[in-house]
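Here's the structure, in structure tokens; my notes come after.
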Amino acid sequence: MAQRSKVIQAEFVEFDCSECGKGVYRVTTLENVIHTQPKQWEHACTNCGRKCHIAKPFPLLRYKGQEFMLAKYAADGIEVYSPVRATLDKSK
Ligand SMILES: [Zn+2]
């Protein structure tokens with residue numbers, strides 16, 4: 007079997023921060039995923055840093071009515087590099 011790829015036109019879906027209205031939410035770290043059904047990923051706003059849990063890891067892609075999340079968020083136990091991580095409050 008071999009992989010094959012082609013260029014498609016997909017939508018890049020971001021989750022706007024309702025708090026500051028400027029930033030978008032990005033997944034912080036896989037360590038803070040809540041394993042409910044569906045899972046809840048911890049996100050932080052790129053502008054104000056507000057944190058919240060969202061049932062999908064943003065950003066994601068939408069193509070032909072289907073949403074695609076990044077493969078790194080599908081795998082458990084794999085470290086995600088995130089610059090936000092350095093600023094996470096470790097005390098909680
Ligand atoms: Zn914000």
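Plus 6 on top of the position in the sequence shown (first one is 1) and you've got the working numbering.
We put the CB at the ideal spot given by N, CA and C, even for glycine.
Go to residue i, then tell me how far its beta strand (DSSP E) extends in each direction, as first and last residue.
i: A50; result: W47 to C51
i: F3; result: Here the chain comprises residues numbered 7 to 98, so residue 3 is not present and cannot be evaluated.
i: L66; result: L66 to Y69
Got a sec? Which residues, its chain only, sit under 6 angstroms from residue i by beta carbon, not counting five neighbours each side?
i: C26; result: N53 and C54
i: A8; result: none
Between which residues of its own chain and residue i is the CB-CB distance below 8 angstroms, once the five residues before and five after are set aside?
i: V33; result: W47, E48, H49, P63, F64, Y79, V86 and S88
Applying the criterion that 16 or more other CB atoms from any shown protein chain within 10 Å of the CB defines a buried residue, is residue i buried or exposed?
i: Y31; result: buried
Could you give the first and the last residue of the continuous alpha helix (DSSP H) run that contains residue i?
i: K78; result: A77 to A80
Please report the distance separating the alpha-carbon of residue i from that of residue j.
i: E73; j: G29; result: 21 angstroms
i: L43; j: I14; result: The identity of residue 43 in the sequence shown is Gln, whereas the question assumes Leu. Cα to Cα, the separation comes out at about 31 angstroms.
Near residue i, which residues of its chain fall below 7 angstroms by C-beta distance, leaving aside the five closest residues on each side in sequence?
i: E20; result: V30, F64 and P65
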